[in-house]
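Enquirer: This is the structure, below, for whatever I ask next.
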Amino acid sequence: VSKDTFNGWRFQFSEELPDVVFEGSKGKVGIDVGLNCLAATSDGRLYGMNFKPKFDKLHAKVMLVRANRQRQDLKDNSKRLQRFEQKLTGLTKTACGTVTNKLVKSYPDHTFVCEDLDLRGCKGSKRFAYRQLHKSLESKALVEVVNPAYTSQECPSCHHVEKSNRNSTSFVCKV
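Here's what the structure looks like:
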């Protein structure tokens, strides 16, 4: 897939590629990084459901300390702010590592299919989690990156795309 921009217009070209299973792989498992759970698989399993409340609580502390420092016109980070940010990074790495280990154990010798997300406008737990989970998965298993367009609405078996296929976290193909 290539993207070109010309005078404010964006053109995207795509070509259909065959469904490739990497050598040594038993099959594919789609992974969706979400806001309420770290990872949802294409067969409906949810991983990391307890991450978001912990992340949000610690992230709120970081934002409060940062806002207080800005109000006081302090430019440099304090040791307290750095400690909170390190805890936030550690929490994310630990949670993503745990989820990755569970995924690799649940799906041995499978290829994990992840969306190639553009995270420029994304903030908070999804941005941190996507990068860390993707990095962790790549170090432990085969990973295929795909265009994210309609991936949550497409049936992995028959490739039928319909908006009503997806209802929150449940997926049922309408064909």
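If you count by the working numbering, then the sequence shown holds residues 15 to 189, one letter each, in order.
The beta carbon of each residue, even a glycine, is placed where N, CA and C say it ideally should be.
#1: So, at 6 angstroms on beta carbons, what are the nonlocal neighbours of Val189 in its own chain, with the 5 sequence-adjacent residues on each side left out?
#2: Compare the Cα-Cα distances from Gly44 to each of Lys177, Leu147, Glu129 and report the closest residue.
#3: Pick out the complete beta strand (DSSP E) segments inside the segment 110-135, 3 residues or longer, and give them in chain order.
#4: Counting Cβ pairs closer than 8 angstroms, one from the segment 86-103 and one from the segment 45-61, do we hit at least three?
#5: Using 8 angstroms as the cut-off, can you tell me whether the segment 112-123 makes contact with the segment 57-75, which would need three or more C-beta pairs spanning the two stretches below that distance?
#6: So if DSSP puts Ala163 in a beta bridge, which residue, or which two residues, is it bridged to?
#7: Since I believe Leu151 is in contact with Val157 (beta carbons under 8 angstroms), could you give me their beta-carbon distance rounded to a whole number of angstroms?
#8: How should Gln146 be labelled, buried or exposed, when 16 other C-beta atoms within 10 angstroms of its C-beta is the threshold for buried?
#9: Between which two residues does the beta strand (DSSP E) holding Asp87 run?
#10: For the beta strand (DSSP E) that contains Gly44, what are its first and last residues?
#11: Where does Val186 land, buried or exposed, given buried means 16+ other C-beta within 10 angstroms?
#12: List the DSSP bridge partners of Glu99.
#13: Considering Cα atoms alone, identify which of Met77, Asp123, Leu72, Leu117 is closest to Lys40.
Expert: On the basis of the supplied data:
#1: Taken in chain order, the residues that qualify are Cys172, His174.
#2: Taking only the C-alpha atoms, the option nearest Gly44 is Glu129.
#3: Fully enclosed beta strand (DSSP E) runs of 3 or longer: 125-129.
#4: Taking 8 angstroms as the limit for Cβ pairs, the verdict is that the segment 45-61 does not touch the segment 86-103.
#5: Contact between the segment 112-123 and the segment 57-75 is established, with three or more Cβ pairs separated by less than 8 angstroms.
#6: Ala163 is not bridged to any residue.
#7: Their Cβ separation, rounded to whole angstroms, is 5 angstroms, which keeps Val157 and Leu151 in contact under 8 angstroms.
#8: Buried, by the Cβ-count rule.
#9: From DSSP, Asp87 is part of no beta strand (DSSP E); its letter is neither H nor E.
#10: Start and end: 42-46.
#11: Exposed.
#12: In the DSSP assignment, Glu99 forms no beta bridge with any residue.
#13: Selected option, being the one with the closest Cα: Asp123.
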